[in-house]
Ligand SMILES: [Zn+2]
């Protein structure tokens, strides 16, 4: 009787080990979302690769550096970007998106639609129009669903800027969350403190695990109240080495260091990469 029990126990243990081995060897690895903040100098560019292989590019930095970055981050034969987001038309966000439009097939664009007449923004608009890429005008409350449980939620602008001229282009910056499972990241463009205040007063759900710090860490953004409401674990400042604006401002870095567990800068770290399994983020 006792011997039989031992045999059964050993058999059960052996099958469990076998099932575990087969699982580890043949089943696909857990679905990961990849997030990269590129070091493109003084400007912003972030890439998201969803578990289903869809690609989101948020801003393109000030020049063609982004092409090299995309070339090494994406599979060699990848020539499609599913969603391109232009936070606002300043050159350090839009210029790099021009060669990206020329080289990649872009399926959808999200932008504010604001009127602005710099050559780089006009060129970008012309390419979007010529390539007949559907352009969604951003407005708070929009939720763009991607495959694999990834969603983009727009928090700013509260009213559409389509066809409007605006004095301060930074104020038109799209603010959006990207969510995957229980994990999230907040993109802020160059949104100024006045907009932060409006979002706070409107009770917007700003909470995110990772915050892309607005406007290269300028003191015109990132109020204490805003950072506290986002309550991120990590704040990432995309900023150029020895830039002439003195970004990031020391007081913003100090504020972030006080409120956020980890503050990272592309001028010090180069490209900054994370992966999410839907539960938690890991630095890569
Ligand atoms: Zn700007």
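In the numbering used here, the protein residues as written are 2 to 285.
For glycine and all other residues, C-beta sits at the position ideal for the given N, C-alpha and C.
Asked	Found
Could you tell me how far apart the beta carbons of residue 241 and residue 268 are, in whole angstroms, since I believe they sit closer than 8 Å?	6 Å
Since residue 157 is in the beta strand (DSSP E), which residue starts that stretch and which ends it?	151-157
Beta carbon of residue 191: closer than 7 Å to some heavy atom of ligand 1?	yes
Would you report the Cα separation of residue 156 and residue 214, rounded to the nearest angstrom?	15 Å
Using 8 Å as the cut-off, can you tell me whether the segment 165-172 makes contact with the segment 183-193, which would need three or more C-beta pairs spanning the two stretches below that distance?	yes
Return yes when at least one heavy atom of ligand 1 lies under 7 Å from the C-beta of residue 243, else no.	no
When DSSP labels each residue in this structure, what does residue 217 get in the three-state scheme?	helix
Compare the C-alpha of residue 266 against each of 274, 228 and 111 and name the closest.	274
Let me make sure I understand the geometry here. Which of 158, 98 and 144 has the alpha-carbon closest to that of residue 129?	98
Look at the alpha carbon of residue 29 and the alpha carbon of residue 277, and state the distance between them as a whole number of angstroms.	Caution applies to residue 29, whose pLDDT of 47 falls short of 50 and renders its modelled position unreliable; the value that the coordinates give is listed next. Cα-Cα distance, rounded: 16 Å.
In the DSSP assignment, what residue or residues form a beta bridge with residue 84?	57
Measure the C-alpha to C-alpha separation of residue 65 and residue 82 and round it to an integer number of angstroms.	16 Å
Which residue marks the beginning of the alpha helix (DSSP H) containing residue 227, and which one marks its end?	225-231
Would you say the segment 92-106 touches the segment 142-152, given that touching needs at least three Cβ pairs under 8 Å?	no
Please classify residue 284: is it buried, with 16 or more other beta-carbons within 10 angstroms of its beta-carbon, or exposed?	exposed
Per the DSSP calculation, residue 242 is bridged to which residue(s)?	Its beta-bridge partners do not exist; DSSP assigns none.
Since residue 230 and residue 253 are thought to touch, with beta carbons under 8 Å apart, how far apart are those beta carbons, to the nearest angstrom?	Actually they are not in contact, since the Cβ atoms of residue 230 and residue 253 sit about 16 Å apart, beyond 8 Å.
Which of the three DSSP states is assigned to residue 37 in this structure?	strand
Mind reading off the beta-carbon distance from residue 153 to residue 116? Whole number of angstroms is fine, and I expect it under 8 Å.	Not a contact, Cβ separation roughly 24 Å.
If you run the structure through DSSP and keep just helix, strand and coil, what is residue 78?	coil
Hey, is the segment 173-187 in contact with the segment 199-213, meaning 3+ C-beta pairs nearer than 8 Å?	yes
Quick one: is residue 120 buried, meaning 16 or more other Cβ sit within 10 Å of its Cβ, or exposed?	exposed
First and last residue of the alpha helix (DSSP H) that includes residue 266?	Looking at the DSSP string, residue 266 is not in any alpha helix (DSSP H); the run it does join, the beta strand (DSSP E), is 263-266.
Can you give me the Cβ contacts of residue 176 inside the same chain, cut-off strictly under 6 Å, excluding the 5 residues immediately before and after it?	156, 157, 189 and 192
Bridge partners of residue 177, per DSSP?	155 and 188
Please classify residue 77 as buried or exposed, where buried requires at least 16 other C-beta atoms within 10 Å of its C-beta.	exposed
For residue 171, verify whether its CB is less than 7 Å away from any heavy atom of ligand 1.	yes
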